[in-house]
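Residue numbers (our numbering), protein chains in the order written: chain A, 1 to 407; chain B, 408 to 814.
There are 2 protein chains.
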Amino acid sequence: MGWEAEEATYQTLSHQTGSRIVFLVFDGLGDVPGAEGLTPLEAAAKPNLDQLVAEGACGLFYPVAPAITPGSGPGHLGLFGYDPLRHLVGRGVLSALGIDFPLRESDVAARFNYCTLGGDGRVIDRRAGRIPTRLNEQLTELLARELDPGEPDVELFLRPVSEHRGLLVLRGNGLGARVEDTDPQETGVLPLDPRGEDAPSQRTASVVGRLVEQARKVLSNQEKANGLLFRGFDRRPDIMSLSDRFALRPVCIAQYPMYRGLARLVGMEVAPAPSDLESFPAALGEVWENHDFFFCHVKYTDKAGEDGDFSRKRQVIEEVDRLIPALLNLGPEVIVVSADHSTPVPMAAHSWHPVPTLLWAPQTVRRDAVSEFGERSCAGGGLGRLNLRYLLPLALAHAGKLKKFGA
Amino acid sequence: MGWEAEEATYQTLSHQTGSRIVFLVFDGLGDVPGAEGLTPLEAAAKPNLDQLVAEGACGLFYPVAPAITPGSGPGHLGLFGYDPLRHLVGRGVLSALGIDFPLRESDVAARFNYCTLGGDGRVIDRRAGRIPTRLNEQLTELLARELDPGEPDVELFLRPVSEHRGLLVLRGNGLGARVEDTDPQETGVLPLDPRGEDAPSQRTASVVGRLVEQARKVLSNQEKANGLLFRGFDRRPDIMSLSDRFALRPVCIAQYPMYRGLARLVGMEVAPAPSDLESFPAALGEVWENHDFFFCHVKYTDKAGEDGDFSRKRQVIEEVDRLIPALLNLGPEVIVVSADHSTPVPMAAHSWHPVPTLLWAPQTVRRDAVSEFGERSCAGGGLGRLNLRYLLPLALAHAGKLKKFGA
C-alpha cells in the first residue's frame with residue numbers, strides 16, 4: 001500500500017469548506033548558487049515572501065521523485081496532488097487544452113515548434129528565434145491550406161499557439177499516439193524521423209513524415225521559420241478532477257496557454273489571462289467569491305532561467321513579492337508558494353533539484369526557524385522533504401479541508 | 408515493491424533476544440507554537456528527556472502519511488509498526504477490547520456517547536458534560552434492562568466504559584457492520600440517522616434506530632445524559648500479532664481502556680492499569696522479567712491538548728520526565744519516546760503534524776546534534792522524517808533484534 005491508498009484516503013477525507021487556498025507557482029523557481037554564491041531567490045529583495053516564511057513553514061519538494069527532471073506537465077501534476085508517474089500527459093495535449101481546442105478522445109495531438117534549419121537540414125535554432133506570434137499565425141494559416149495528410153480519412157488541424165509554438169491535431173480512425181518526438185532537443189543535428197511504436201502509431205508517423213516534407217517546401221522562403229519540429233504526441237488522458245478528488249472549487253490564473261490547459265485537465269475553471277503580473281491580484285479578486293483554490297502561475301522565472309538570465313529571474317521574484325500585500329488583503333486562510341520544477345540559471349534548462357516551498361497558514365502551521373525564502377534555507381524547514389504530490393494535501397489539512405482518519 | 412516487501416522482510420529478519428525496548432508514548436504529544444512562541448514540549452522543564460535526547464537521536468514521524476490526521480487507532484497501529492491504511496479498526500472494536508468484552512468474530516460493535524440533546528432534538532453537548540463514570544454505569548444498567556432490539560434473534564449488550572463513553576454490541580446472524588455514525592461530530596445539529604451501506608448493515612441500522620428512540624424515552628428525565636450518539640461500527644479485524652511479526656513478547660501498561668484494547672489487538676499482554684503516572688515504573692518492574700517490549704501509554708497530554716490547556720500539557724510532560732530515572736534503573740537497552748499523533752493546544756483537536764520522537768540506545772545509536780526534546784529541534788534530528796510504521800523496526804534494529812538481510 002503506497003500512494004494509491006494514500007490518494008484514496010485523501011479523497012475520502014476531503015470535504016468542502018469556506019476556507020481559501022492560494023497556490024502561487026513560480027515556474028522553474030528553484031536554482032543553484034551562481035558565481036556570486038547565491039541563487040536568484042536568495043539574492044532577491046523579497047520582504048513580503050520572507051514575512052510569509054517567518055510566519056509559516058518551509059520545505060523542499062521533489063516534483064516527481066529524486067533526480068527526475070520534470071517537464072511542465074509532470075511538475076504541475078505534482079503540484080496539483082497527482083503522481084506524475086501515473087498520469088502521462090503529452091505536450092500536444094497540453095497545447096490543445098491551452099488554446100481551447102476541442103480535443104476529441106481519439107484525436108492525436110502534438111506540439112510543434114517552428115525552427116530554423118540549415119542548408120544541410122540540421123537544426124540551427126529549435127525556436128526559430130522565437131518568431132512573433134503574428135508571423136506564426138500567418139505561417140500556420142498558410143500551412144493549414146497547403147499541407148495534405150495524404151490519407152482521405154485523416155483530418156488535419158494546425159493552430160498557432162504563441163511565438164514559435166503551434167498545435168497539430170490528427171483526427172481519424174486507427175491513428176496511434178505512440179509516436180516519438182522529431183525535436184532532437186539540441187542544435188547542430190538533424191531532426192529525428194517520426195517513428196511509431198505500434199502499427200496505428202506507425203500510420204500516424206507516416207502522416208507526420210509527409211507533413212514535415214511538405215512544410216519544408218512551403219516554408220522554404222522563410223529566413224527563420226523554415227522547418228517544423230514535433231513533440232509530445234498524445235491523447236487526452238482521463239484524470240479525476242480536483243473537485244472529485246478533493247472537493248475543491250479550483251480556478252486558474254495564468255498568462256500562458258499551457259498552464260491554463262493543465263489546469264483544465266484537472267477540472268479547474270480558467271479565469272481570463274491577466275495581461276501582466278500587476279494584474280494578478282485584481283484577477284484573483286474577480287474570482288474570489290466562487291472558488292476556494294487559486295492556482296496562480298508565474299511563467300517568467302522559468303523563462304529567465306532558460307535564458308540563463310540571473311538578474312531577470314531575481315527581478316521577477318521581486319516583482320511578484322510586491323503583489324503579496326494585495327494577495328493578503330483578499331484574506332486567504334492558506335498561501336503556498338512553490339514551483340513545478342527548478343530551472344537553474346547556470347544550466348539554462350529544467351533540472352531535478354527539489355523546489356523551495358513555503359506554507360503560510362497562521363491558524364495551524366508549526367512555524368519553523370526559517371526566516372528567508374531560499375533553496376538552502378528551505379532545506380532546514382519544518383516541512384522537510386517530500387514528493388510534491390503531498391503539498392496540496394498539506395494545504396488542505398491546514399485549510400481544515402481534511403477530516404480525521406479513523407477512530 | 409513498497410511497504411509489503413519491507414514488512415515481510417522485517418518479519419523474516421526478526422529474532423528473539425534478551426534485550427528490552429520501552430516505547431513511552433505520550434498521546435497527542437505534538438503541538439504547534441502558541442502565543443509565547445513555544446510548544447508545551449519545548450516549554451517544559453524536562454532534564455531527563457533532554458538527557459536521553461543528548462545521548463540519542465531524534466526525528467519527526469508521520470503517524471499515517473503527510474497531511475493525515477489520525478484517530479487513536481491509526482496512530483497506534485503506526486506506532487506498533489503497521490500501515491494504518493491497511494488495517495482499519497472501528498472505535499467500537501477498540502472500546503470492546505479495552506473493557507475485556509469477549510467480542511466474537513461476527514459481533515458488531517459500536518462506541519456510544521451519552522450526549523445532551525435540546526428540546527428540538529439538536530445536540531447541545533456531544534459528551535453530556537463528561538458525566539461521571541458512576542452515573543454512566545447506572546444509566547447503562549437501566550438501558551440494558553429497558554432497551555429491546557425488537558428482533559428475536561438479535562442479542563444486545565450495553566457496557567459502560569468511562570465518563571460519557573459506552574459500548575454497544577449486537578450479536579446475531581445477518582447483521583452487517585457497515586453502518587454510518589449517528590454522531591454528527593458537531594453541536595447545534597440533529598443526530599444523524601443510522602444508515603446501513605448494504606442489506607445486512609441496513610438490518611443493523613434499523614435495530615440501532617429503534618434503540619436510539621427507546622433510549623430517548625428512558626433517559627428523558629436526565630438533565631445532561633438524555634441521548635445516545637453512536638460511532639465506529641465495526642467487526643474485530645484480523646491482524647497479525649507483534650509476536651508473529653517481530654518475535655516480540657510485548658506488554659502494555661496503560662490507564663485507559665482504548666489503548667489496552669489496541670494493544671490486545673496486536674497480541675500484547677496487558678498489565679493491570681496503573682492508578683497514576685507515578686505507578687508506571689513499578690508497573691513496568693512487575694512485568695519486566697517476562698517481556699521484551701513495553702508499550703507505556705500516557706493519556707493526559709492528549710486530554711490537555713483537546714482541552715486547549717497549555718500549562719496542563721506542559722505539566723504532564725514534566726511529571727513523566729521525573730519518572731525517567733526509575734525507568735533507566737530497570738536497564739532497558741532501547742527507549743523510544745514518541746506519540747500516536749499531535750493534539751495542538753491552539754487547535755484543541757488531533758492534527759496531522761508529524762510527531763517528535765527520540766530514540767535512546769547507547770550501544771548503537773548514531774547520536775545527532777539535537778540536545779532538547781521538541782517539535783522543531785526534532786526537525787533537525789538524525790532520524791529524519793519517516794512514516795511512523797518504521798519506528799518500531801528501528802527500535803528492533805537498535806535492540807539487536809533484526810538480523811542481517813542477504814549475504
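For glycine and all other residues, C-beta sits at the position ideal for the given N, C-alpha and C. Since the structure is predicted, the reported quantities are computational estimates derived from the model, not experimental observations.
Option nearest residue i by Cα separation, candidates the options
| i | options | result |
| --- | --- | --- |
| Val-365/A | Ser-421/B, Gly-499/B, Pro-440/B, Gly-409/B | Pro-440/B |
| Leu-359/A | Ala-474/B, Lys-706/B, Glu-593/B | Ala-474/B |
| Leu-392/A | Asp-31/A, Thr-69/A, Arg-203/A, Phe-23/A | Phe-23/A |
| Lys-624/B | Ser-513/B, Asp-555/B, Leu-599/B | Asp-555/B |
| Val-673/B | Gly-485/B, Pro-751/B, Trp-410/B, Leu-597/B | Gly-485/B |
| Pro-84/A | Leu-97/A, Val-64/A, Phe-101/A | Val-64/A |
| Glu-443/B | Glu-779/B, Val-752/B, Val-762/B | Val-752/B |
| Asp-153/A | Arg-165/A, Gly-172/A, Leu-168/A, Glu-141/A | Gly-172/A |
| Asp-244/A | Ala-8/A, Gly-227/A, Gln-202/A | Ala-8/A |
| Glu-583/B | Gly-526/B, Arg-533/B, Ser-613/B | In the sequence as presented, Glu is not what sits at residue 583/B; that position holds Gly. Residue Ser-613/B is the option with its Cα nearest to Gly-583/B. |
| Ile-373/A | Arg-314/A, Pro-281/A, Gln-222/A | Checking the sequence shown, residue 373/A turns out to be Phe, not Ile. Cα-wise, what sits closest to Phe-373/A is Arg-314/A. |
| Asp-107/A | Asn-226/A, Val-93/A, Tyr-259/A | Val-93/A |
| Phe-653/B | Tyr-489/B, Leu-735/B, Pro-481/B | Tyr-489/B |
| Arg-321/A | Asn-387/A, Val-25/A, Glu-4/A | Here the sequence assigns Asp to residue 321/A, which means Arg is not the residue at that position. The residue with the shortest Cα to Cα distance from Asp-321/A is Val-25/A. |
Where residue i falls: helix, strand or coil (DSSP)
| i | result |
| --- | --- |
| Tyr-259/A | helix |
| Ser-338/A | strand |
| Arg-195/A | coil |
| Asn-226/A | coil |
| Tyr-489/B | coil |
| Ile-646/B | coil |
| Leu-60/A | strand |
| Ala-430/A | Residue 430/A cannot be examined here, being either before or after the span of chain A that is shown, 1 to 407. |
| Ser-220/A | coil |
| Ala-517/B | strand |
| Ala-612/B | helix |
| Val-619/B | helix |
| Asp-302/A | helix |
CB of residue i within 8 Å of CB of residue j, strictly
| i | j | result |
| --- | --- | --- |
| Pro-567/B | Glu-544/B | yes |
| Ser-409/A | Cys-58/A | For residue 409/A there is no data in the structure shown, the boundaries of chain A being 1 and 407. |
| Val-658/B | Glu-685/B | no |
| Asp-605/B | Ala-516/B | no |
| Gly-434/A | His-341/A | No answer is possible for residue 434/A: it lies beyond the span of chain A, which begins at 1 and ends at 407. |
| Ala-786/B | Leu-445/B | no |
| Thr-17/A | Ala-361/A | no |
| Asp-31/A | Gly-305/A | yes |
| Ser-479/B | Lys-808/B | no |
| Val-743/B | Ala-802/B | yes |
| Arg-467/A | Glu-105/A | Outside the displayed span of chain A (1 to 407) sits residue 467/A, for which this structure offers no information. |
| Pro-761/B | Leu-448/B | no |
| Gly-788/B | Val-777/B | yes |
| Pro-194/A | Thr-182/A | yes |
| Leu-456/B | Phe-812/B | no |
| Leu-328/A | Phe-280/A | no |
| Val-69/A | Trp-352/A | It is Thr, not Val, that sits at residue 69/A in the sequence shown. Yes, these two residues count as a Cβ contact at 8 Å. |
| Lys-224/A | Gly-129/A | yes |
| Ser-95/A | Gly-331/A | no |
Residue range of the unbroken alpha helix (DSSP H) whose run includes residue i
| i | result |
| --- | --- |
| Arg-552/B | 540-553 |
| Asp-321/A | 310-321 |
| Leu-327/A | 324-329 |
| Val-287/A | 280-287 |
| Val-500/B | 498-505 |
| Leu-13/A | 3-13 |
For residue i, the first and last residue of its enclosing beta strand (DSSP E)
| i | result |
| --- | --- |
| Ser-162/A | 155-162 |
| Leu-795/B | Careful: Leu-795/B lies outside any beta strand (DSSP E) and carries neither H nor E. |
| Pro-763/B | 762-767 |
| Leu-431/B | 428-433 |
| Arg-773/B | Note, Arg-773/B: premise wrong, no beta strand (DSSP E); not H, not E. |
Any non-hydrogen atom of the ligand NAP within 7 Å of residue i CB
| i | result |
| --- | --- |
| Pro-732/B | With respect to small molecules bound, the structure shown includes none, and the ligand NAP cannot be examined in it. |
Below-8 Å beta-carbon distance, residue i vs any chain E residue
| i | result |
| --- | --- |
| Leu-495/B | The structure shown contains no chain E; its protein chains are A and B. |
- Item | Residues, ordered as in the chain, of the region 377-400 of chain A that lie near chain B by beta-carbon distance below 7 Å | Taking 7 Å as the Cβ-Cβ cut-off, the region 377-400 of chain A approaches chain B at Gly-380, Gly-382, Gly-384, Leu-386, Tyr-390, Pro-393, Leu-394, Leu-396, Ala-397, given in chain order.
- Message: Beta carbons nearer than 7 Å to chain A: which residues of the region 680-708 of chain B have them?
- Response: Of all residues in the region 680-708 of chain B, none has a Cβ within less than 7 Å of some Cβ in chain A.
- Message: What are the residues in the region 457-487 of chain B lying within 8 Å of chain A by C-beta distance?
- Response: Residues Leu-467, Val-471, Ala-472, Pro-473, Ala-474, Ile-475, Thr-476, Pro-477, Gly-478, Ser-479, Gly-480, Pro-481.
- May I ask you to list, following chain order, the residues of the region 498-509 of chain B that have a beta carbon less than 7 Å from some beta carbon of chain A? Listed by position, the residues of the region 498-509 of chain B near chain A (Cβ gap below 7 Å) are Arg-498, Leu-501.
- Residues of the region 5-19 of chain A with a CB closer than 9 Å to any CB of chain B: list them in chain order, please. Listed by position along the chain: Ala-5, Glu-6, Ala-8, Thr-9, Tyr-10, Leu-13.
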